[in-house]
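Visitor: Protein chains in written order, with our numbering: chain A, 1 to 224; chain B, 225 to 448.
Where a beta carbon is used, it is the ideal one built from N, C-alpha and C, also for glycine.
Sharing a structure, written as structure tokens. Questions coming.
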DNA sequence: AAGATATGACTGTCGGGTAAGTTACCACAC
DNA sequence: GTGTGGTAACTTACCCGACAGTCATATCTT
């Protein structure tokens, strides 16, 4: 049996792989690892399930490719921002601005790296851990610097605050996904307004760099 | 067939239901709705799967009972704290303190109400929504009051900040679950330290009540 | 002809859900 | 006290659909 609809469509493997990863990233990001089925991804890509297995070996392999893709994207961008000299809240804002720019057209990518339904052990957990470790390291750095300026240096305190900061970023991303009409710029301006309202403007004057928060300097050059 | 191991063990239905809900809450809270199987819960309770179905009808029915239990607990406690006159950051701290006290011996309950792997539609979603709505309403109130004091009144801004606040609470709870040795008191003190470090002590002097943040007043009477 | 690109149809397992039967307990007659 | 029937508390053994993963086969390009 297995009659007639087979045969190559002339799509080179690498192109097909990229297409599959993109579509799978959308599904994984929107529905989570657990709620996404390989057959579903194949359908949405207009191909059959065995082809996905041919190229990625397993569901985990497919998810790994997606993590590799968005994890590297995110980690590299955040590391790039961290190389600026900004400190304190300005550093946090720069990070947020860069992420808004990076993810404006693909907001779902954020959810892949932080997906709570992905396996908690095995290769997927290790890959996720390696990317979140890179991100958390920088968050930890920023938080340490900021808190030590106020005389707080306890390990557990810094640790908890780091988690809170990552939670804030996560909340903003989630809110952004739920409000598709908001642009990256609008989100950054919103964060500026909120931080100003909470901390007062005086805080910004105390940062070392003389930048004005609004990303017109080299700190925000990532805009496409 | 069906030989011999059946028959009542003399446990009244209500007792058994409470036991099942408790065990299920642990599983749902620790592993999430999707990753928890009814057979697993039954095993851990030392009973068989059909008994669970007999009492709760379905997996969703069981989860609903768990939501009802922890949702009511949380919402009532937060509403109770909201009846105090505290404003601004003090109000947030009171809320955190009350939750730490309430959940100290059952931290996993928090994860049931905010479980991202629970169904996004149907009765479960509605029950979850009704409890989170009660909680979010109060969070929204507090955020509105706080931001309007700084001249920020935009709906979207307030909305986003509310989500961020809930994200902060969520992060702290998650961190707490990962650090079982920390007591409720230690957590509250930690929050006081962090807020003081970030906002400076001046902010507390500007609240209306003369309380000293440390819960020795009526604002923290929930301690068991 | 060979190798890359593809597919239909299958298997195995896991987990939600059910049918039918078993045992303990209790009330009441006698 | 002892049968006797009703009911509440249980279990074993099964069904069934969804989904990860596989096999054999087919078509296209060169």
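(1) Can you find a CB in chain A that lies within less than 8 Å of the CB of residue 430 (chain B)?
(2) Going by CA-CA distance only, name the one from A:143, A:173 and A:149 that's closest to residue 160 (chain A).
(3) Does the beta carbon of residue 122 (chain A) come closer than 8 Å to any beta carbon on chain B?
(4) Reducing DSSP to helix, strand and coil, say where residue 182 (chain A) ends up.
(5) What's the gap between the Cα of residue 145 (chain A) and the Cα of residue 315 (chain B)?
(6) Could you spell out the range, first to last residue, of the alpha helix (DSSP H) harbouring residue 367 (chain B)?
(7) Inspect the CB distances between the segment 63-70 of chain A and the segment 148-164 of chain A and report whether three or more fall short of 8 Å.
(8) Return the CA-CA distance between residue 242 (chain B) and residue 276 (chain B), expressed in angstroms with no decimal places.
(9) Pick helix, strand or coil for residue 265 (chain B), following the three-state DSSP scheme.
(10) Tell me, to the nearest whole angstrom, how far the beta carbon of residue 261 (chain B) is from that of residue 336 (chain B); I am working on the premise that it is less than 8 Å.
(11) For residue 228 (chain A) and residue 128 (chain A), I'd like the C-alpha separation in whole angstroms.
(12) Using alpha carbons as the reference points, say which of B:256, B:397, B:386 and B:270 lies closest to residue 235 (chain B).
(13) Taking Cβ-Cβ distances below 7 Å as the criterion, which residues of the segment 322-347 of chain B are in contact with chain A?
(14) I want to see whether chain A comes within less than 8 Å of residue 291 (chain B), judged by CB atoms only; does it?
(15) Can you tell me whether DSSP reads residue 25 (chain A) as helix, strand or coil?
(16) Which same chain residues end up closer than 7 Å to residue 253 (chain B) when comparing Cβ atoms and leaving out the 5 residues on each side of it in sequence?
(17) Closest Cβ-Cβ distance between residue 174 (chain A) and chain B: below 8 Å?
(18) Identify the continuous alpha helix (DSSP H) that holds residue 77 (chain A) and give its terminal residues.
(19) So residue 134 (chain A) and residue 79 (chain A) are supposed to be a Cβ contact under 8 Å. How far apart are they, rounded?
(20) Report the rounded CA-to-CA distance for residue 65 (chain A) versus residue 389 (chain B), giving the unit in angstroms.
(21) Express the C-alpha separation of residue 310 (chain B) and residue 94 (chain A) in angstroms, rounding to a whole number.
(22) In the DSSP assignment, the alpha helix (DSSP H) including residue 152 (chain A) goes from what residue to what residue?
(23) Taking residue 164 (chain A) as the query, report the chain B residues whose CB atoms sit under 9 Å from its CB, ordered along the chain.
(24) Does the separation of the CB atoms of residue 195 (chain A) and residue 124 (chain A) fall below 8 Å?
(25) Apart from the five residues just before and just after residue 199 (chain A), which ones in its own chain have a Cβ nearer than 8 Å to its Cβ?
(26) What residues of chain B sit near residue 157 (chain A), judged by a beta carbon separation below 7 Å?
(27) So, for residue 184 (chain A): in the same chain, excluding its five sequence neighbours on each side, which residues have a beta-carbon less than 7 Å away from its beta-carbon?
(28) Is residue 9 (chain A) helix, strand or coil by DSSP?
(29) Against residue 375 (chain B), what residues of chain A qualify as contacts under a CB-to-CB distance less than 8 Å, listed in chain order?
(30) Where does residue 329 (chain B) fall in DSSP's three states?
(31) Leaving out five residues on either side along the sequence, give the residues of the same chain with a beta carbon under 7 Å from the beta carbon of residue 48 (chain A).
(32) Kindly list the residues whose CB is nearer than 7 Å to the CB of residue 338 (chain B), restricted to its own chain and excluding five residues on each side of it in sequence; keep chain order.
(33) Specify, as a first and last residue, the run of the alpha helix (DSSP H) that residue 277 (chain B) falls within.
(34) Using CA coordinates, which residue listed in A:132, A:117, A:81 and A:16 is at the minimum distance from residue 255 (chain B)?
(35) Alpha carbon to alpha carbon, how far is residue 147 (chain A) from residue 285 (chain B)?
(36) Is residue 181 (chain A) buried or exposed, if buried means 16 or more other CB atoms sit within 10 Å of its CB?
Guide: Taking the definition as stated:
(1) Here the question's residue 430 (chain B) lines up with position 206 in the second chain. In this prediction, residue 430 (chain B) scores a pLDDT of 45, lower than 50, which makes its location untrustworthy; the coordinate-derived value is nonetheless stated afterwards. No, because no Cβ of chain A sits closer than 8 Å to the Cβ of residue 430 (chain B).
(2) In the first chain, counting from the first residue as 1, residue 160 (chain A) sits at position 160. Closest option to residue 160 (chain A), Cα to Cα, is A:143.
(3) Residue 122 (chain A) sits at position 122 when you count from the first residue of the first chain. Cβ-Cβ to chain B under 8 Å: no for residue 122 (chain A).
(4) As a position in the first chain, residue 182 (chain A) is number 182, starting the count at 1. Coil at residue 182 (chain A), not helix or strand.
(5) Taking the first residue of the first chain as 1, we reach residue 145 (chain A) at position 145. Taking the first residue of the second chain as 1, we reach residue 315 (chain B) at position 91. For residue 145 (chain A) and residue 315 (chain B), the distance between alpha carbons rounds to 28 Å.
(6) The residue given as residue 367 (chain B) occupies position 143 in the second chain. Here the alpha helix (DSSP H) through residue 367 (chain B) covers 347-372.
(7) no
(8) Counting from 1 along the second chain, the entry for residue 242 (chain B) is found at position 18. Counting from 1 along the second chain, the entry for residue 276 (chain B) is found at position 52. Between residue 242 (chain B) and residue 276 (chain B), the C-alpha separation is close to 11 Å.
(9) Position 41 of the second chain, counted from the start, is the residue given in the question as residue 265 (chain B). Residue 265 (chain B) falls in the helix class under three-state DSSP.
(10) Locating residue 261 (chain B) in the second chain gives position 37, counting from the first residue. Locating residue 336 (chain B) in the second chain gives position 112, counting from the first residue. So it is not a contact: roughly 16 Å between Cβ atoms.
(11) Look at the range of chain A in this structure, 1 to 224, and you will see that residue 228 (chain A) is not part of it.
(12) Here residue 235 (chain B) is taken as the residue at index 11 of the second chain, counted from 1. Among B:256, B:397, B:386 and B:270, the Cα nearest to that of residue 235 (chain B) belongs to B:270.
(13) 340 and 341
(14) The count along the second chain starts at 1 and reaches residue 291 (chain B) at position 67. False, the Cβ-Cβ gap to chain A never drops below 8 Å.
(15) Within the first chain, numbered from 1, the residue matching residue 25 (chain A) stands at position 25. Helix, per DSSP.
(16) As a first step, residue 253 (chain B) is located in the second chain; it is residue number 29 there, counting from the start. Excluding positions up to five away in sequence, the list reads 332, 333, 335 and 336.
(17) Locating residue 174 (chain A) in the first chain gives position 174, counting from the first residue. At least one chain B Cβ lies under 8 Å of residue 174 (chain A).
(18) On the first chain, residue 77 (chain A) is found 77 positions in, with the first residue counted as 1. 59-82 is the extent of the alpha helix (DSSP H) around residue 77 (chain A).
(19) On the first chain, position 134 is the one that residue 134 (chain A) refers to. On the first chain, position 79 is the one that residue 79 (chain A) refers to. Confirmed, about 7 Å.
(20) Taking the first chain and counting its residues from 1, the one referred to as residue 65 (chain A) is at position 65. Taking the second chain and counting its residues from 1, the one referred to as residue 389 (chain B) is at position 165. Straight-line Cα distance between these residues: approximately 33 Å.
(21) To locate residue 94 (chain A), count along the first chain from 1; it is residue 94. To locate residue 310 (chain B), count along the second chain from 1; it is residue 86. Going from the Cα of residue 94 (chain A) to the Cα of residue 310 (chain B) covers about 34 Å.
(22) Here residue 152 (chain A) corresponds to residue number 152 of the first chain, with the count starting at 1. Where residue 152 (chain A) is concerned, there is no enclosing alpha helix (DSSP H), given that its DSSP letter is neither H nor E.
(23) Stepping through the first chain from its first residue, residue 164 (chain A) is reached at position 164. Near residue 164 (chain A) (Cβ distances below 9 Å), the residues of chain B are 391, 392, 395, 396, 399 and 418.
(24) Reading the first chain from its first residue, position 195 is the one you call residue 195 (chain A). Reading the first chain from its first residue, position 124 is the one you call residue 124 (chain A). No, Cβ-Cβ distance for residue 195 (chain A) and residue 124 (chain A) is not below 8 Å.
(25) Taking the first chain and counting its residues from 1, one reaches residue 199 (chain A) at position 199. Closer than 8 Å at Cβ, skipping near neighbours: 89.
(26) Your numbering for residue 157 (chain A) matches position 157 in the first chain. Chain B residues near residue 157 (chain A): 414, 417 and 418.
(27) Reading the first chain from its first residue, position 184 is the one you call residue 184 (chain A). Only 100, 101 and 104 meet the Cβ criterion.
(28) Your numbering for residue 9 (chain A) matches position 9 in the first chain. Three-state DSSP puts residue 9 (chain A) in coil, outside helix and strand.
(29) In the second chain, counting from the first residue as 1, residue 375 (chain B) sits at position 151. 197, listed in chain order.
(30) Residue mapping note: residue 329 (chain B) aligns to position 105 of the second chain, counting from 1. Of the three classes helix, strand and coil, the one that applies to residue 329 (chain B) here is coil, per DSSP.
(31) Sequence index remark: in the first chain, residue 48 (chain A) carries index 48 (1-based). Closer than 7 Å at Cβ, skipping near neighbours: 42.
(32) As a working mapping, residue 338 (chain B) is identified with position 114 in the second chain. Result list for residue 338 (chain B): 394, in chain order.
(33) Counting from one through the second chain, the residue named residue 277 (chain B) turns up at place 53. From DSSP, the alpha helix (DSSP H) with residue 277 (chain B) extends over 273-280.
(34) Sequence index remark: in the second chain, residue 255 (chain B) carries index 31 (1-based). Checking every option, the nearest Cα to that of residue 255 (chain B) belongs to A:117.
(35) Taking the first residue of the first chain as position 1, residue 147 (chain A) is located at position 147. Taking the first residue of the second chain as position 1, residue 285 (chain B) is located at position 61. C-alpha separation (whole angstroms): 46 Å.
(36) Translated into the one-based positions of the first chain, residue 181 (chain A) becomes position 181. Per the 10 Å Cβ criterion, exposed.
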